[in-house]
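J.: Once you've had a glance at the structure underneath, I'll fire off some questions.
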Amino acid sequence: MYEDRYSHPRGWDDITLYATSVNIEEIDDLYADSVTYTELTLHWTAPAIVGDTGEITRYEIRYSTEPIYESNWSFARPVSAVPEPATAGTPQSMRVTGLEHSTMYYFGLRSFWEDQVWSGLSNIASAATYGLFMPQMEYPNPNGNSYGANDGCLADFDGDGDLDIVTVNCTGDNGAYFENNGYGSFMLHSTITTDDCPYKICCADFDGDNDLDIAVINIYSNLLDIHFNSGAGLFLQSDEYTISDYGNDIIAEDFDYDGDIDLALIYSEIGIELFFNDGGGTFGQRVVYDMGIGANALCAADLDSDGIVDMAAVNYTGILIFKGKGDGTFQAPADYGNINAYSGDIEAADIDNDGDYDLIRILSLTGSLEIYTNSGSGTFNGRHIVTACEYTRSVSAADFDNDGYVDLAVTDEHNDYAVILINNGDGTFEPPANYKSSGIPMVTIPGDIDGDGDNDLVMINAGSGSFNIHINRTIE
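In our numbering, each number is its position in the sequence shown, counted from 1, plus 14.
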């Protein structure tokens, strides 16, 4: 019973309460269940008024990411659309929406009578919303070698409508093809014979027969292998090319716009070498673009919105932009950076949601990302740093939370995590969320593995020689 002047528990101005015999039972059975990525359900039993025949007039429910007490009740956030009180003893519930993923929440409830009398604070209910991804599933190296998985491709290699996985293992001198059962589980289909230390891989239909082949860089033997798909996910090594240096990355695009897929490799001490497809899956003509020392990664996208694919590559000092002419040749590169920081990877994606490709450069030693904002014409005037983890190696881009904005997945190889950065829609990001791998994550590959409409995540791991699957829970 409250009879004097009290500070209102909602944190508003003091109000005067008048002497009354009304007293409200405290709710002691508040709990949460049916938790998802951003929602949960609260349950409680409607309380009674003691000493009067009146009824409860309303509830107030508040929540916080910190435990709630009488002392901090007014700082907790009110829940909207709270239901009207029911008859005493009636079970009640409500759905709470709009929560953040991967977060522990605390909920408290008070009952009010005419805004003059309120109950004590209920018991505190707590629940953690799900993370974006379910706990990992691990698929080991089929050859028993516990080290050296470096890269992989996620694509429909057998033409059955779901995404399969091909990995390469440097220490084991082999690759492996894992077939998707259609629901996001994988079975080893076959192993792939490679040359010495397969390090990087890309996939495309090189021979024009409507199935996906693979191209593999073997760094110790300085060889590029093309493995042609038989149509059922069997890969036969058909062609082998000597490459000019230690190959750090490989991408596939139709650079000369002749209807077949070409290759671009990047070398540590040279720069970029283009391999032009003759139309049948053999690569004759080759052209080198010098980048100097420390060339490490490259990506391809239409950066200047002219309908022609361009290239962006990183070396020790920053980013070089090669604008395509549409015939397989490129303009002299524009240099962005002049920062002496080791670059691990580069990706092109529309980070600020303005319709053009921005660039994301990995700064490995600082554990951060450097975002270069595109002006719309392929020049990059804005640049800002996003801290992700302790040591970053690679980055991939996809919409993980289905809000229409491009998010990022980064590998943290010092702590064996994939780090997810959710885009707020303007090029800024939520705090990093970590997802454990079973080894040292080298690359992350997004894709809808289980066919439910959201992007899941593959992590290719050195150390364990395995890969991990994290199934996305955004669509359940």
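C-beta atoms are modelled at their ideal positions from N, C-alpha and C, and glycine is treated no differently.
Bear in mind that the values here come from a model prediction, so they are computed numbers and not experimental data.
1) Which parts of the segment 368 to 444 are runs of the beta strand (DSSP E), unbroken and 3 residues or longer, counting only runs that do not cross its ends?
2) Can you grab the Cα-Cα spacing for the pair N486 / D178, in whole Å?
3) Identify which residue in V328, G338 and V301 has its Cα closest to the Cα of L383.
4) Could you compute how far the alpha carbon of C403 sits from the alpha carbon of G308?
5) State the DSSP-derived secondary structure class of E254, mapped to helix, strand or coil.
6) If the criterion is Cβ atoms closer than 8 Å, does the pair L44 and L56 meet it?
7) Closest to D366 by C-alpha separation, out of I474, D413 and I228, would be which residue?
8) Helix, strand or coil for E152 per DSSP?
9) Going by C-alpha distance, which of D129, V420, N416 and S408 is nearest H428?
10) If we require 3 or more residues per run, which beta strand (DSSP E) segments fall completely within the segment 185 to 222?
11) Leaving out five residues on either side along the sequence, give the residues of the same chain with a beta carbon under 7 Å from the beta carbon of N469.
12) With DSSP as the reference, label D28 as helix, strand or coil.
13) Quick check on Y83: buried or exposed, where buried means 16 or more other Cβ atoms within 10 Å of its Cβ?
14) Along the beta strand (DSSP E) that carries S133, what are the first and last residues, could you check?
15) Indicate the three-state DSSP secondary structure (helix, strand or coil) for N164 in the structure shown.
16) For I265, tell me which candidate among D259, I215 and I335 has the shortest Cα-Cα distance.
17) At the 8 Å Cβ level, is S244 part of the contact set with chain D, yes or no?
18) Can you check DSSP and say which residues form a bridge with V230?
19) In terms of residue numbering, what span does the beta strand (DSSP E) encompassing H115 cover?
20) Compare the C-alpha of T282 against each of G306, G189 and F269 and name the closest.
21) Let me check one thing: in DSSP terms, what residues is I327 bridge-paired to?
22) Short of 8 Å in beta carbon distance, which residues of its chain neighbour D372, apart from the five on each side in sequence? Order them along the chain.
23) Report the three-state DSSP secondary structure of E287 (helix, strand or coil).
24) Does the Cβ of V457 have 16 or more other Cβ atoms within 10 Å, making it buried, or fewer, making it exposed?
25) Here's the rule I'm using: 16 or more other beta-carbon atoms within 10 Å means buried, otherwise exposed. How should Q150 be labelled?
26) Looking at I489 and G467, is the spacing between their C-beta atoms short of 8 Å?
27) Distance, Cα to Cα, L279 vs R109?
28) Tell me the rounded alpha-carbon separation between D430 and D176.
29) Go through its chain and collect everything with a Cβ distance to S244's Cβ below 7 Å, but skip five positions before and after it.
30) S48: buried (16+ other C-beta within 10 angstroms of its C-beta) or exposed?
31) Which residue comes first and which comes last in the beta strand (DSSP E) that contains Y356?
32) Going by Cα to Cα distance, which pick from C217, L312 and P92 is closest to Y120?
33) Taking the C-alpha atoms as reference points, what is the distance between A46 and I434?
34) In whole angstroms, what is the alpha-carbon distance linking V400 and L377?
35) Could you give the DSSP three-state label for F171: helix, strand or coil?
T.: Well, looking at it:
1) 372 to 377, 382 to 388, 394 to 401, 406 to 412, 421 to 426 and 431 to 435
2) 17 Å
3) V328
4) 23 Å
5) strand
6) yes
7) D413
8) strand
9) S408
10) 188 to 194, 200 to 207 and 212 to 218
11) A412, D413, F414, P460, G461, D462 and N486
12) Because D28 carries a pLDDT of 42, less than 50, the predicted location of this residue cannot be relied on, and no value is offered for it.
13) exposed
14) No beta strand (DSSP E) holds S133; DSSP gives it neither H nor E.
15) strand
16) I215
17) The structure shown contains no chain D, having only a single protein chain.
18) I215 and D239
19) Neither: H115 is in no beta strand (DSSP E) and is coded neither H nor E.
20) According to the sequence shown, residue 282 is Ser rather than Thr. Among G306, G189 and F269, the Cα nearest to that of S282 belongs to G306.
21) Checking the sequence shown, residue 327 turns out to be Ala, not Ile. Its beta-bridge partners are L312 and L334.
22) A362, A363, D364, I365, D366, I385, Y386, T387, N388, F394 and G441
23) strand
24) buried
25) buried
26) yes
27) 52 Å
28) 28 Å
29) L250
30) exposed
31) No beta strand (DSSP E) contains Y356, which DSSP labels as neither H nor E.
32) P92
33) 27 Å
34) 10 Å
35) coil
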